[in-house]
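Undergrad: Using the numbering used here, the first residue of the sequence shown is number 136, and each one after it goes up by one.
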Amino acid sequence: MVSVYSALILAGGESRRFGGPKALVEIASRPLIAHVAHAMASLADETIVSVGSPEREAQIRPVLPGVVFVHDVRQGRGPIEGFHQGFRAARGDLVLVAPCDAPLLRASLYRLLLEVLGDYDAAVPSLEVPDPIRAVYRRDRVMKVLEASSTVRSPSALVDRLNHVYVPTERLREIDPDLSSFVDVNTQIDLVEVLRRLEHRLETSERGGTSSSG
136 MVSVYSALIL AGGESRRFGG PKALVEIASR PLIAHVAHAM ASLADETIVS VGSPEREAQI
196 RPVLPGVVFV HDVRQGRGPI EGFHQGFRAA RGDLVLVAPC DAPLLRASLY RLLLEVLGDY
256 DAAVPSLEVP DPIRAVYRRD RVMKVLEASS TVRSPSALVD RLNHVYVPTE RLREIDPDLS
316 SFVDVNTQID LVEVLRRLEH RLETSERGGT SSSG
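#1: Mapping DSSP to helix, strand and coil, what is I168?
#2: Is the CB-CB distance between L143 and S185 below 8 Å?
#3: Note the first and the last residue of the continuous beta strand (DSSP E) segment covering G303.
#4: Between which two residues does the alpha helix (DSSP H) harbouring R274 extend?
#5: What whole-angstrom Cβ distance do V198 and A169 have, given they're in contact under 8 Å?
#6: With DSSP collapsed to three states, give me the class of I215.
#7: Just verifying my parser: in three-state terms, what is the DSSP assignment at Y245?
#8: I'd like to know whether the C-beta atoms of V202 and A172 end up nearer to each other than 8 Å.
#9: For E190, report the span of its beta strand (DSSP E) as first-last.
#10: Could you check what DSSP says for P265 in three-state terms: helix, strand or coil?
#11: G211: buried (16+ other C-beta within 10 angstroms of its C-beta) or exposed?
#12: Nearest CA to the CA of R276: which residue from D266, V294 and T286?
#13: Give a yes or no on whether the C-beta atoms belonging to D228 and S138 are separated by under 8 Å.
#14: As a quick exercise: from V205, L281, I310 and P312, pick the residue whose alpha carbon is nearest that of L297.
#15: In three-state DSSP terms, what is V202?
#16: Excluding sequence positions up to five away, which residues of its chain have a Cβ less than 8 Å from the Cβ of R288?
#17: According to DSSP, is S185 helix, strand or coil?
#18: I'd like to confirm something about L248: is its beta-carbon nearer than 7 Å to some heavy atom of the ligand SAM, or not?
#19: By a C-beta neighbour count over all protein chains shown, 10 Å radius and 16 as the cutoff for buried, is I183 buried or exposed?
#20: At what residues does the beta strand (DSSP E) containing V353 begin and finish?
#21: Just confirm the distance between the C-beta atoms of V230 and S141, as a whole number of angstroms; I'd bet it's less than 8 Å.
#22: Per DSSP, P260 forms a beta bridge with which residues?
Have a look at this one:
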């Protein structure tokens with residue numbers, strides 16, 4: 136049976152360190168969330184965006200008109216609420232989770248995670264620490280855990296309840312040598328660093344003829 140893939144982009148955070156919502160901050164003439172959605176679109180059969188409220192959806196929808204939006208039902212629970220509502224809405228049997236503020240995200244990261252997944256419930260990158268919001272999950276296993284227990288309060292706690300496999304840094308560098316997929320925009324200074332890396336990536340792809348989001 137051919138698997139159906141759903142992409143879930145988490146965009147419900149308050150972005151306190153940045154000073155406001157990050158999803159629509161532009162870099163290289165495109166909002167951060169649009170960079171992420173573009174990378175995921177090459178793999179996913181549908182894209183779901185988790186936002187905190189209908190007001191946030193109204194801000195983002197003009198940028199991503201073809202996606203499904205879900206809202207937090209229980210406020211103040213953080214990313215795990217985005218997981219719960221996003222996985223509940225997903226049609227795919229596999230869900231590819233991503234943050235909204237990682238414009239250098241590579242589709243090849245998720246190809247690697249899908250390759251490693253095998254019979255596990257989740258495939259999670261692990262650099263210095265595991266990164267559960269850039270990972271691949273089996274929808275049915277996640278929903279079983281989330282529906283059965285209200286004590287799972289974070290993506291990390293969710294992973295602990297699943298039969299998971301971690302992908303180490305050395306394996307990640309094989310498909311993303313400078314680990315740019317893991318660079319988030321948390322501050323204004325981060326924007327400068329991301330732009331520098333993006334320009335370098337575009338120059339490299341132009342010389343080599345490869346996709347800048349691959």
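By construction, the Cβ of each residue, glycine as well, lies at the ideal position given by its N, Cα and C atoms.
TA: Put simply:
#1: I168: helix per DSSP, three-state reduction.
#2: Cβ atoms of L143 and S185: closer than 8 Å.
#3: Note on residue identity: the sequence assigns Pro, not Gly, to residue 303. Note, P303: beta strand (DSSP E), H299 to P303.
#4: Looking at the DSSP string, the run of the alpha helix (DSSP H) that includes R274 is R274 to A283.
#5: Contact annotation, V198 with A169: C-beta distance approximately 6 Å; criterion of less than 8 Å satisfied.
#6: Correct three-state label for I215: helix.
#7: Y245 sits in a helix when the DSSP states are folded into three classes.
#8: Closer than 8 Å, so yes.
#9: Unbroken run through E190 is the alpha helix (DSSP H), P189 to I195; no beta strand (DSSP E).
#10: In the three-state DSSP reduction, P265 falls in the strand class (E or B).
#11: With fewer than 16 other CB atoms across the displayed protein chains lying within 10 angstroms of its CB, G211 is exposed.
#12: Relative to the Cα of R276, the nearest Cα in the group D266, V294 and T286 belongs to V294.
#13: Against a cut-off of 8 Å, the Cβ pair of S138 and D228 comes out as a contact.
#14: Residue L281 is the option with its Cα nearest to L297.
#15: The answer is coil: DSSP assigns V202 none of H, G, I, E or B.
#16: A distance below 8 Å between beta-carbons, with the five flanking residues on each side excluded, links R288 to the following residues of its chain, in chain order: R212, G213 and I215.
#17: Three-state result, S185: strand.
#18: What this structure holds is no ligand at all, so the ligand SAM is not there to describe.
#19: By the neighbour-count rule (16 or more Cβ atoms within 10 Å), I183 is buried.
#20: Since the first residue of the chain shown is 136 and the last is 349, residue 353 is not available in this structure.
#21: Indeed, because the Cβ distance is near 5 Å, the residues count as touching under 8 Å.
#22: In DSSP, P260 forms a bridge with V302.
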